[in-house]
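Okay, so the sequence shown: first residue is 0 according to numbering that gives the first Met the number 0, each after it adds one. In this text, a Cβ means the ideal position worked out from N, Cα and C, and glycines have one as well. Predicted, not measured: the structure shown is a model, and the values here were computed from it.
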Amino acid sequence: MKTKAPSIRDVAAAAGVSTATVSRALSSPDKVSAPTRDAVFRAIEQTGYRLNIAARNLRKRETGAVAVLVPNLANPFFSAILSGIAAVMSEAGYNVLVTDTTPFGRGDGVTGHQFPAFANARHVDGLIVLDGLLPAEALDSLGPPQIRPPTVYACEWSELVDRPRVTIDNVAAGQGAVEHLVALGHSKIGHLCGPPENVLTRERLKGAQAALAAAGLAMAPGWVYPGDFSLESGARAADAWCAAPDRPTAVFCASDVMAIGFIGALMRRGVKVPAEVSVIGFDDLDMASHFVPALTTVRQPRPEIGQSAARLLLERMDLSPATRAASPGPRLVLPTELVVRETTAPPPVG
Numbered sequence: 000m001k002t003k004a005p006s007i008r009d010v011a012a013a014a015g016v017s018t019a020t021v022s023r024a025l026s027s028p029d030k031v032s033a034p035t036r037d038a039v040f041r042a043i044e045q046t047g048y049r050l051n052i053a054a055r056n057l058r059k060r061e062t063g064a065v066a067v068l069v070p071n072l073a074n075p076f077f078s079a080i081l082s083g084i085a086a087v088m089s090e091a092g093y094n095v096l097v098t099d100t101t102p103f104g105r106g107d108g109v110t111g112h113q114f115p116a117f118a119n120a121r122h123v124d125g126l127i128v129l130d131g132l133l134p135a136e137a138l139d140s141l142g143p144p145q146i147r148p149p150t151v152y153a154c155e156w157s158e159l160v161d162r163p164r165v166t167i168d169n170v171a172a173g174q175g176a177v178e179h180l181v182a183l184g185h186s187k188i189g190h191l192c193g194p195p196e197n198v199l200t201r202e203r204l205k206g207a208q209a210a211l212a213a214a215g216l217a218m219a220p221g222w223v224y225p226g227d228f229s230l231e232s233g234a235r236a237a238d239a240w241c242a243a244p245d246r247p248t249a250v251f252c253a254s255d256v257m258a259i260g261f262i263g264a265l266m267r268r269g270v271k272v273p274a275e276v277s278v279i280g281f282d283d284l285d286m287a288s289h290f291v292p293a294l295t296t297v298r299q300p301r302p303e304i305g306q307s308a309a310r311l312l313l314e315r316m317d318l319s320p321a322t323r324a325a326s327p328g329p330r331l332v333l334p335t336e337l338v339v340r341e342t343t344a345p346p347p348v349g
């Protein structure tokens with residue numbers, strides 16, 4: 000005898016709610032409390048209920064739009080990535096909706112119910128996430144796998160979320176930056192970090208430490224400066240460098256923005272770069288080559304990151320929800336390049 004397919008009534012009974020609440024949790028999750036919504040999603044998984052309409056809509060590209068979630072639109076790093084995404088998506092006939100996640104908080108238990116952007120994102124055909132601190136629960140709150148929009152991470156990623164992503168090898172890039180300083184003769188090398196909870200921060204520091212260890216060197220604790228990828232944190236690190244009795248002769252900064260803030264604050268104090276301290280940035284923003292002195296930095300292929308993420312998302316959108324759920328998808332790693340300009344030189348004598 001043929002088994003009867005689970006119905007919305009079965010989901011409602013399993014979740015202990017009405018069928019109207021189930022419908023509302025699926026169509027407008029932002030209008031349902033988080034506990035109720037989670038109970039409905041668990042019941043869908045338990046019963047095996049298939050929302051065929053939602054799955055078909057995703058595959059037929061009903062909305063013609065994708066969303067890109069950015070941690071800080073004010074950061075110039077993201078502009079070239081967004082341009083790369085927009086170019087590929089426009090050619091494929093999609094509109095791109097960009098949401099800044101900063102105003103809603105990061106890494107503090109934000110969910111789809113608390114986060115309007117996520118509630119809206121459920122009505123797009125796909126997501127590209129540039130914010131690695133966005134909690135996994137926020138994406139999970141968009142619905143069970145069969146109705147959740149396909150998602151690709153780019154640049155940043157969450158180590159707790161197994162989804163396709165496009166990144167660089169941050170460890171190797173950090174190692175290469177410090178190897179350049181060692182080759183110039185530096186043995187006292189510091190590092191200006193990004194936010195401590197960010198995966199990029201950990202990997203770039205790991206690479207820097209690996210290069211030092213290979214050279215028989217180590218980074219003194221006082222030479223690791225806290226930062227947050229902002230100009231202001233670069234300036235604070237410069238203040239700390241100036242105040243220290245024992246200073247590193249070179250500083251590897253985890254972003255160009257921080258490197259420029261660091262150098263600017265030093266120059267205002269009369270410190271000469273690179274005569275008194277060498278500085279390396281990370282990203283190769285457009286301003287890096289126009290800054291005086293021109294910044295030595297690690298170049299990320301930002302347009303290519305955006306283009307690759309968009310193409311990967313298009314590939315995932317062509318798959319059925321069941322196929323996507325069975326295969327987490329590829330992890331693409333793009334190459335970086337050390338661009339040597341005017342902010343690095345051999346250490347000062349004496």
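| query | result |
| --- | --- |
| Endpoints, beta strand (DSSP E) assigned at His190 | 188-191 |
| Range of the contiguous alpha helix (DSSP H) that encloses Asn169 | 169-182 |
| Three-state secondary structure (DSSP) of Glu336 | strand |
| Reduced DSSP category for Ala66 - H, G, I as helix; E, B as strand; rest coil | strand |
| Own chain partners of Ser186 with C-beta closer than 6 Å, once the 5 adjacent residues on each side are dropped | Leu216 |
| Contact set for Trp240: own chain, Cβ-Cβ below 6 Å, skip 5 residues either direction | Arg246 |
| Contact set for Thr335: own chain, Cβ-Cβ below 8 Å, skip 5 residues either direction | Ile167, Asp168, Ala171, Ala172, Gly175, Val297, Arg298, Gln299, Pro300 |
| Neighbour-count burial assignment, Gln45, 16 or more Cβ in a 10 Å radius | exposed |
| Straight-line Cα distance separating Ser22 from Asp283 | 48 Å |
| Residue burial classification, Thr322 (beta-carbon count within 10 angstroms, cutoff 16) | exposed |
| Touch test, the segment 267-278 against the segment 309-322, Cβ-Cβ under 8 Å, three pairs minimum | no |
| Cβ pair Leu294, Leu311 closer than 8 Å | no |
| Own chain, CB closer than 6 Å to Ala79, minus 5 neighbours either side, in chain order | Arg301, Pro302 |
| Span separating the alpha-carbon of Leu211 from that of Trp156 | 26 Å |
| Alpha-carbon spacing of Leu129 relative to Ala209, whole angstroms | 27 Å |
| Extent of the continuous beta strand (DSSP E) to which Cys154 belongs | Here Cys154 belongs to no beta strand (DSSP E), and DSSP marks it neither H nor E. |
| Per-residue DSSP class, three states only, for Leu199 | helix |
| Counted within 10 angstroms of its Cβ, other Cβ atoms place Ala73 as buried (16 or more) or exposed | exposed |
| Helix, strand or coil at Leu132 according to DSSP, with G and I counted as helix | coil |
| Min CB distance Ala324 to chain B below 8 Å | Protein chains in the displayed structure number just one, and chain B is not present. |
| Residue range of the alpha helix (DSSP H) that includes Thr46 | 33-46 |
| Residues of its chain near Gly106, where Cβ-Cβ distance is below 8 Å and the 5 sequence neighbours each way are ignored | Caution is warranted here: a pLDDT of 46 is assigned to Gly106, below 50, making its placement in the model unreliable, and the coordinate value is therefore given only provisionally. So the list reads Leu132, Leu133, Pro134, Glu196, once near-sequence residues are dropped. |
| Proximity to Ala308 [Cα-Cα], best of Gly280, Pro163, Glu178, Gly193 | Pro163 |
| C-alpha distance - Leu180 paired with Cys252, whole-angstrom precision | 12 Å |
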